[in-house]
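Structure first, then comments.
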Amino acid sequence: MASLQDVAARRTDLSVEDVAWLHALVADWQLLADLSFADLVLWLPLASRAGFVAVAQMRPTTGPTAHHDDVVGTEVPRGRRPQLDRALDEQRICRERDPDWPGEVPVREETIPVVRDGRVVGVVSRHTNLAAARTPSRLELTYLRTADDLARMVAQGRFPVDEGGPRVAHAPRVGDGLVRLDEHGVVTFEDRGLARSLHDLVEIGEEIRVEHYRAVAAALNYAARQRARQTRGAAGPHVP
Numbered sequence: 503m504a505s506l507q508d509v510a511a512r513r514t515d516l517s518v519e520d521v522a523w524l525h526a527l528v529a530d531w532q533l534l535a536d537l538s539f540a541d542l543v544l545w546l547p548l549a550s551r552a553g554f555v556a557v558a559q560m561r562p563t564t565g566p567t568a569h570h571d572d573v574v575g576t577e578v579p580r581g582r583r584p585q586l587d588r589a590l591d592e593q594r595i596c597r598e599r600d601p602d603w604p605g606e607v608p609v610r611e612e613t614i615p616v617v618r619d620g621r622v623v624g625v626v627s628r629h630t631n632l633a634a635a636r637t638p639s640r641l642e643l644t645y646l647r648t649a650d651d652l653a654r655m656v657a658q659g660r661f662p663v664d665e666g667g668p669r670v671a672h673a674p675r676v677g678d679g680l681v682r683l684d685e686h687g688v689v690t691f692e693d694r695g696l697a698r699s700l701h702d703l704v705e706i707g708e709e710i711r712v713e714h715y716r717a718v719a720a721a722l723n724y725a726a727r728q729r730a731r732q733t734r735g736a737a738g739p740h741v742p
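Residue numbers for the sequence shown follow my numbering, so the first one is 503 and each next one is one higher.
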């Protein structure tokens, strides 16, 4: 199977920098797939602008797949998948389409433009298997909200994050624990996987020191105090 770099070089007019951006995206997009409970497919516009070619695919570890077969290498002409066309042409996330029934289960498709330096260099299609749809828990709602935030960052050219150094060998995993902060840096959600993630901050055999915990512990304690104040305020003044 041809690599992303090979297909981009032979079938597209993307620059070396554009392809490096796409490589960085697929290095980290397991996080987006898991938070979305959805499959992801990366499509590149052909140099002729006559259609798209699928160059990468990711399945979620948090839910059922929507694609049991590999789609990498598939080509689609313009007009066959209107949401791909709109994401490329209008540079926006498209989710207007009704669910499809490609097999025995309904699948919802959304498309996310991959933007670099103000230009669309690819499109990610997000496919959610709706067969197991149910009322989501608070954790699942937080996952979905975070996934939508990441999708917007992709469409704005702000994800993947360029940290200016070599990328880690393994992308963050949702199962490692999720902490969500608001715009003020206050923790609004944390799950029980957080403790496991803290252990990943140190090497095997290294002592876990206070500084490894201090920043996260301070944020969690602050959030707990804020919630306690809100609870007391909601209860009204104490009457002896």
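Beta carbons are placed, not taken as given, at the ideal position from N, Cα and C, and that holds for glycine.
Please classify VAL670: is it buried, with 16 or more other beta-carbons within 10 angstroms of its beta-carbon, or exposed? Low local confidence applies: a pLDDT of 49 at VAL670 is under 50, so the model's placement there is unreliable, and no value is given.
Across which residues does DSSP place ILE614 in a beta bridge pair? Residue pairing by DSSP places ILE614 opposite VAL626 in a beta bridge.
Closest by C-alpha distance to PRO562, when choosing among LEU537, GLY659, CYS596, LEU548: Nearest of LEU537, GLY659, CYS596, LEU548 to PRO562, Cα basis: LEU537.
Give the C-beta separation of ALA558 and LEU544 to the nearest angstrom, bearing in mind that I take them to be a contact with Cβ-Cβ under 8 Å. Right, the Cβ-Cβ distance comes to about 4 Å (below 8 Å), so this counts as a contact.
Backbone secondary structure at THR644 - three-state DSSP: Helix.
DSSP state of GLU519, grouped into three classes? Residue state, collapsed to three classes: helix.
Segment contact flag, the region 595-615 with the region 503-522, C-beta cutoff 8 Å, min 3 pairs: Contact between the region 595-615 and the region 503-522 is absent, because fewer than three Cβ pairs lie under 8 Å.
Beta-carbon gap between ALA568 and LEU546 smaller than 8 Å: Not closer than 8 Å, so no.
How would you label GLY605, buried or exposed, when you count the other beta carbons within 10 angstroms and need 16 or more for buried? Residue burial annotation: GLY605 is exposed, with fewer than 16 other C-beta atoms found within 10 angstroms of its C-beta.
Am I right that HIS629 and ASP541 are in contact with their C-beta atoms under 8 Å? What's the rounded C-beta distance? Their Cβ separation, rounded to whole angstroms, is 4 Å, which keeps HIS629 and ASP541 in contact under 8 Å.
Quick one: Cα of PHE554 to Cα of VAL622, how far? Cα-Cα distance, rounded: 13 Å.
Proximity below 8 Å, CB of LEU652 to CB of SER627: Cβ atoms of LEU652 and SER627: not closer than 8 Å.
Which runs of the beta strand (DSSP E), 3 residues or longer, sit entirely within the region 536-624? Look at the region 536-624 and you find these whole runs of beta strand (DSSP E), each 3 residues long or longer: 541-547, 553-560, 577-579, 609-618.
Pairwise C-alpha distance: LEU524 and CYS596: Looking at the two C-alpha atoms, the distance is approximately 20 Å.
For ASP520, count the other beta carbons within 10 Å of its own beta carbon; 16 or more makes it buried, fewer makes it exposed. Which is it? Buried.
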